[in-house]
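Beneath this line is the structure, given in C-alpha cells, with notes to follow.
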C-alpha cells in the first residue's frame with residue numbers, strides 16, 4: 074500500500090521534510106539533485122522513513138541520508154515524534170480505537186473502528202512549533218492515509234453474523250439529562266407529598282389530643298363543682314352540710330367541750346365538728362336531759378354522766394347514742410373561758426337578753442351585758458352571758474348562749490395552727506387524754522378559719538321530754554351534721570325509774586336502787602328532796618306505762634294506791650318519790 078508515498082522501497086522518488094501544516098502534519102517535497110536511485114554501500118539496507126522498525130527489515134542498523142532529520146545531531150538516532158521508544162519490540166499492536174467514538178455511531182458510515190493518525194483533529198493533540206527532541210528515539214515518517222479509491226472494510230463486513238449494531242443501543246448506555254431531571258422531579262414531588270401528609274397527620278393528632286384534654290378539664294371542673302355543691306340549681310351554701318357526698322362517707326373531726334360553771338354549778342356540753350369534706354364547721358349543742366346508757370347498763374342523763382361518770386365514760390356513752398367517733402374531750406371551766414376571751418382580745422356577740430350584774434347591790438343597776446347586736450364582751454361578761462339562765466327560761470336558752478360565745482371565740486382565734494397552739498398552752502389547761510395541746514390548737518385553728526369565712530354555725534340537738542332523740546334529730550343533726558345513727562335506749566329493754574328521796578334518810582336511796590335493779594328496772598337518780606314527805610308516790614306519764622308503774626310499786630313494797638298518772642321527770646318512764654312510809658327490805 075501507499076506506493077506513491079513510499080520513498081524507501083525500490084526506485085521510488087526521494088522526499089525531504091520541509092515543515093508541518095497547521096494540524097501538525099509533516100509536509101514533504103521531492104529532493105533536489107538526487108539520483109532516482111542510489112546504490113547502498115556497505116551492505117546496508119535502504120532507509121524507509123515509514124518503517125518504524127528498521128531493524129526488522131535491514132539487520133538491525135539504522136540508516137541516515139534518506140531519512141535525514143534536520144533536527145537530529147551527529148551520532149544520534151533520527152528523531153521520530155510518533156515512534157515508540159527505540160529498542161522496544163512490542164510486536165504486533167492491536168488496532169487503536171478511534172478517539173472520537175461517537176463519529177461512526179452518529180453517522181453510521183462504517184468508520185466506527187477506523188484508526189486515525191496523529192493528524193486527526195479529534196485524536197491526540199499536537200502542539201505547534203518545533204517538537205522537542207526525545208533521546209533514544211528513531212526518526213520516523215508517519216504513515217499517510219491510503220489512496221481514496223481503496224475500499225475500507227466496514228463494520229458490517231467485519232461482523233456479518235450480528236443482526237444489530239452497537240450504536241443502535243447508544244441511548245441505553247447514555248442516559249440523557251432530561252431523564253435524570255424527570256426522576257429528580259418525581260422524587261421531589263413524592264417527598265413533598267409525604268411531608269404534607271405527615272404534617273396533616275400530626276395536625277390531626279394535635280387536634281385530637283387538645284380535644285381530649287379540654288374534655289377531661291371540663292369533666293373535672295364540672296365534677297368538682299358538683300362535688301362542692303356549687304352547680305346552679307344543685308344546692309345552696311346553706312345546705313352544703315349534707316353535701317353531694319353521702320353523709321357517712323364524709324370525714325369529720327369531733328371534739329366534745331364541757332363548760333363547768335364553778336360559781337353557779339352545772340355543766341353545758343357542745344360537740345365541735347369540723348367537716349373536712351364539705352369544709353363546714355358546726356357546734357352541736359347537747360341538752361343535759363339527753364338520755365345515755367351508763368357502763369353498767371343503767372340509764373342516765375348527760376348532766377349526771379359528766380358530773381359523776383367522768384369524761385371518758387361520757388364520751389363512750391355519746392358515741393353509742395349518736396353513732397359518732399369523738400376524738401377527745403376538752404374540759405373548759407369558766408375561769409379558763411374568761412382567760413381565753415381576754416387572750417383573743419374580746420369577742421362580739423349578738424346578745425338576746427340583758428344579763429344583770431351579780432355584784433350589783435342596788436336594784437335597777439345597769440346590766441352587765443346589754444341586749445343588742447354586735448355587743449363587745451370581755452372575759453368576765455362573756456362568762457356571765459354564757460352561763461346565764463333567766464327566770465322561767467328553759468335550759469336550752471342558756472345552752473344556745475354558750476354556743477354563741479364559742480363561735481365568737483373561734484372568730485377571734487388565730488387561724489395559724491402554731492399560734493392557736495400557743496394560745497392553748499398559755500391557758501395552762503390540763504387536758505384529758507388522748508387530747509394534747511397541739512391537737513387542740515390545730516383543731517381550733519381549722520374551725521377559726523371556717524368561722525371567719527362564714528362557714529360555721531350552731532345546731533341544737535332536739536331531745537324529747539324523756540331524753541330520747543326524735544326522728545327530726547336523727548335526720549337533721551345526727552345524720553347530716555354528725556354523720557351518725559341515733560340509737561336511744563330501747564323503751565322495751567328496761568323501764569327507767571327515777572327515784573327521789575323524801576324520807577329524810579339518804580341511805581334509803583341506795584337500798585331502793587338495789588331493789589329496782591334486781592327487779593329488772595333501770596334506776597335513775599332523782600336527787601334528794603329538801604324536805605320530807607309522809608307518803609310515797611309512783612307516777613307514770615303515758616297510759617301504756619300504768620302497768621309498769623304498778624310493778625314498780627310492788628317491787629318497792631308500796632301500796633297500789635300510790636300509783637297515779639302525772640308528770641314524770643326527764644328520761645324516765647316512771648317517777649318515784651320515796652316517803653316516810655317506804656320501808657326497804659333487809
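Numbering (the numbering used here), first residue to last: 74 to 659. Positions of the beta carbon are idealized from the N, C-alpha and C atoms, including for glycine.
Original post:
Between which two residues does the beta strand (DSSP E) carrying residue 441 extend?
Top reply: By one-based count along the chain shown, residue 441 stands at place 368. Taken as a continuous stretch (DSSP letters only), residue 441 belongs to no beta strand (DSSP E), as it is neither H nor E.
Original post:
Relative to the alpha-carbon of residue 613, which residue among 639, 632, 484 and 607 has its alpha-carbon at the smallest distance?
Top reply: Numbered from its first residue, the chain shown carries residue 613 at position 540. The candidate whose alpha carbon is nearest that of residue 613 is 639.
Original post:
According to DSSP, is residue 498 helix, strand or coil?
Top reply: Along the chain shown, one-based indexing puts residue 498 at 425. In this structure, residue 498 counts as helix in the three-state DSSP scheme.
Original post:
Nearest CA to the CA of residue 572: which residue from 533, 536 and 655?
Top reply: Working through the chain shown from its first residue, we reach residue 572 at position 499. Of 533, 536 and 655, the residue nearest in Cα terms is 655.
Subject >> Cutoff 6 Å; reference residue 367; Cβ partners in own chain excluding five residues on either side >> reply: By 1-based counting over the chain shown, the position of residue 367 is 294. If we look at residue 367 and ignore the five residues flanking it on each side, its Cβ neighbours are 373.
Original post:
Can you name, in chain order, every residue of its own chain whose Cβ lies under 6 Å from the Cβ of residue 662, other than the five neighbours on each side?
Top reply: Nothing about residue 662 can be reported from this structure: the residues present for the chain run from 74 to 659 only.
Subject >> Spatial distance of residue 595 from residue 558 (CA atoms) >> reply: As a first step, residue 595 must be located in the chain shown, where it is residue number 522. As a first step, residue 558 must be located in the chain shown, where it is residue number 485. Spanning the alpha carbons of residue 595 and residue 558 requires a straight line of approximately 23 Å.
Subject >> Contacts around residue 93, its chain only, beta-carbon distance under 7 Å, and the 5 residues preceding and following it disregarded >> reply: If you number the chain shown from 1, residue 93 lands on position 20. The residues 99 and 100, in chain order, have a CB closer than 7 Å to that of residue 93 in the same chain once the five nearest residues on each side in sequence are set aside.
Original post:
How many angstroms separate the CA atom of residue 629 from the CA atom of residue 622?
Top reply: Working through the chain shown from its first residue, we reach residue 629 at position 556. Working through the chain shown from its first residue, we reach residue 622 at position 549. Taking the straight line joining both Cα atoms gives about 11 Å.
Subject >> Test item: CB-CB of residue 355 and residue 532 under 7 Å >> reply: For the purposes of this step, residue 355 is taken as the residue at position 282 of the chain shown. For the purposes of this step, residue 532 is taken as the residue at position 459 of the chain shown. Yes, the pair counts as a contact, with Cβ atoms nearer than the cut-off.
Original post:
Is it the case that the Cβ atoms of residue 427 and residue 440 are separated by a distance below 7 Å?
Top reply: Taking the chain shown and counting its residues from 1, one reaches residue 427 at position 354. Taking the chain shown and counting its residues from 1, one reaches residue 440 at position 367. Contact: yes.
Subject >> Chain-order list of residues whose beta-carbon lies under 8 Å from that of residue 508 (same chain, five-residue window excluded) >> reply: Here the question's residue 508 lines up with position 435 in the chain shown. Cβ neighbours of residue 508 beyond the five flanking positions: 328, 400, 401, 402 and 403.
Subject >> Validate contact between the region 457 to 465 and the region 473 to 486 using beta carbons, cut 8 Å, 3 pairs >> reply: Enough Cβ pairs lie closer than 8 Å, so yes.
**OP:** Return the chain-ordered list of same chain residues with a C-beta closer than 6 Å to the C-beta of residue 344, the five sequence neighbours on each side being excluded.
**Re:** By one-based count along the chain shown, residue 344 stands at place 271. Taken in chain order, the residues that qualify are 327, 329 and 357.
Subject >> Proximal residues to residue 539 (C-beta, below 6 Å), its chain only, five neighbours per side dropped >> reply: Along the chain shown, one-based indexing puts residue 539 at 466. Excluding positions up to five away in sequence, the list reads 644.
Original post:
Nearest to residue 536 by CA position, among 276, 447 and 394, is which residue?
Top reply: Translated into positions along the chain shown, residue 536 becomes position 463. Answer by Cα proximity: 394.
Subject >> Reduced DSSP secondary structure (H/G/I, E/B, other) of residue 614 >> reply: In the chain shown, counting from the first residue as 1, residue 614 sits at position 541. Coil.
Subject >> residue 453, enclosing alpha helix (DSSP H) - first and last residue >> reply: Indexing the chain shown from 1 puts residue 453 at position 380. Residue 453 -> alpha helix (DSSP H) spans 452 to 460.
Subject >> The beta strand (DSSP E) enclosing residue 328, as first and last residue numbers >> reply: Looking up residue 328 in the chain shown gives position 255. Residue 328 -> beta strand (DSSP E) spans 325 to 333.
Original post:
With distances taken between CB atoms, is the gap from residue 653 to residue 576 smaller than 7 Å?
Top reply: Working through the chain shown from its first residue, we reach residue 653 at position 580. Working through the chain shown from its first residue, we reach residue 576 at position 503. Yes, the pair counts as a contact, with Cβ atoms nearer than the cut-off.
Original post:
Among residues of its own chain, excluding the 5 on either side of residue 569, which ones have a beta-carbon nearer than 7 Å to its beta-carbon?
Top reply: By 1-based counting over the chain shown, the position of residue 569 is 496. Hits under 7 Å: 372, 595, 597, 644, 645 and 646.
Subject >> Rounded straight-line distance, which links the Cα of residue 641 to that of residue 487 >> reply: Here the question's residue 487 lines up with position 414 in the chain shown. Here the question's residue 641 lines up with position 568 in the chain shown. So the two alpha carbons sit approximately 47 Å from each other.
Original post:
What are the start and end residues of the alpha helix (DSSP H) that includes residue 404?
Top reply: Your numbering for residue 404 matches position 331 in the chain shown. For residue 404, there is no enclosing alpha helix (DSSP H); the enclosing beta strand (DSSP E) has its first and last residue at 401 to 406.
**OP:** Measure the alpha-carbon distance for residue 574 versus residue 651 and round it to whole angstroms.
**Re:** On the chain shown, position 501 is the one that residue 574 refers to. On the chain shown, position 578 is the one that residue 651 refers to. Going by the C-alpha atoms only, they are around 5 Å apart.
Original post:
Going along the chain, which residues of its own chain have a beta-carbon closer than 8 Å to the beta-carbon of residue 468, five neighbours each way excluded?
Top reply: Your numbering for residue 468 matches position 395 in the chain shown. Only residues of its own chain outside the window of five on either side were considered, and among them 360, 361, 362 and 462 have a CB closer than 8 Å to the CB of residue 468, listed in chain order.
**OP:** List in chain order: all unbroken beta strand (DSSP E) runs of 3+ residues lying wholly within the region 559 to 593.
**Re:** Complete beta strand (DSSP E) runs here, min 3: 569 to 574.
**OP:** Check the DSSP bridge columns for residue 102 and list the partner residues they point to.
**Re:** Reading the chain shown from its first residue, position 29 is the one you call residue 102. Answer is 89.
Original post:
Considering only the beta carbon of each residue, do residue 490 and residue 518 sit closer than 7 Å?
Top reply: The sequence position of residue 490 within the chain shown is 417, counting from 1. The sequence position of residue 518 within the chain shown is 445, counting from 1. Between residue 490 and residue 518, the C-beta spacing is below 7 Å.
Subject >> Proximity of residue 390 and residue 365 at Cβ, strictly below 7 Å >> reply: The sequence position of residue 390 within the chain shown is 317, counting from 1. The sequence position of residue 365 within the chain shown is 292, counting from 1. In this structure, residue 365 lies closer than 7 Å to residue 390 by Cβ.
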